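Residue numbering for the sequence shown follows the numbering used here, starting at 258 and increasing by one per position.
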Amino acid sequence: MRQVLMVAGMVVLLAGCGKEASPEEQTASDERDVAMVEAANKAAPPVQLVTPEPILLPDIERYDLLGEECSYAPGTSLGARVIAREADAFMKIDGDIERFAADPGSRELPMHTRSVYNSKNYSLVLSLKEDTGEDEQRTSYEGSVTLRDEHGRIVYEGVGEAQCAAG
Numbered sequence: 258m259r260q261v262l263m264v265a266g267m268v269v270l271l272a273g274c275g276k277e278a279s280p281e282e283q284t285a286s287d288e289r290d291v292a293m294v295e296a297a298n299k300a301a302p303p304v305q306l307v308t309p310e311p312i313l314l315p316d317i318e319r320y321d322l323l324g325e326e327c328s329y330a331p332g333t334s335l336g337a338r339v340i341a342r343e344a345d346a347f348m349k350i351d352g353d354i355e356r357f358a359a360d361p362g363s364r365e366l367p368m369h370t371r372s373v374y375n376s377k378n379y380s381l382v383l384s385l386k387e388d389t390g391e392d393e394q395r396t397s398y399e400g401s402v403t404l405r406d407e408h409g410r411i412v413y414e415g416v417g418e419a420q421c422a423a424g
């Protein structure tokens, strides 16, 4: 046991006796270290999946979400997860309403809504498929919602009914 400790001590002492790096070698080593740290900092954080909450009547009243709009509800749910209008769209994420601005260069959908909306944190893509029924004030479509984070990664996708209304 004593010999093992002596050998370990000798190895430690010898390791410290190596020649010092030249200034050029030290600069190159420092630049490699900085590049590794910068690369690690540029890496995207883990994906945080989103589960939009229903936009309820108090939210609709508070944010005045009435008028020409299309409401998207996933699956067979009746609770709208997205309300899209001509200039903006809304989703409820983690209890807060997220407002999106319409991308004026995107495709126009019914009720003057758009296919792409953007916020500070997300990009929202809406699409409508074949007409599934119509009356004077309301049109129903099969719709889909795709939400991407600021790194372009999909954090939510939903397919369901979209109700577009003039009032």
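Ideal placement from N, C-alpha and C gives every residue a C-beta, glycine not left out. Predicted, not measured: the structure shown is a model, and the values here were computed from it.
Item	Value
Taking the beta carbon of Val-291 as the centre, do at least 16 other beta carbons fall within 10 Å, making it buried, or is it exposed?	exposed
Just curious, the alpha helix (DSSP H) that Arg-342 is in, first and last residue?	Arg-342 -> no alpha helix (DSSP H), and no H or E assigned at all.
Does the Cβ-Cβ distance between Arg-338 and Pro-331 come in under 7 Å?	yes
Measuring CB atoms only, is the segment 356-370 touching the segment 310-318, in the sense that at least three cross pairs come out at less than 8 Å?	no
Work out the CA separation of Val-304 and Cys-327 for me, nearest whole Å.	28 Å
Rank Ser-397, Ser-363 and Ser-376 by C-alpha distance to the C-alpha of Glu-407 and give the top, closest one.	Ser-376
Mind checking who Arg-356 pairs with in its DSSP beta bridge?	Phe-347
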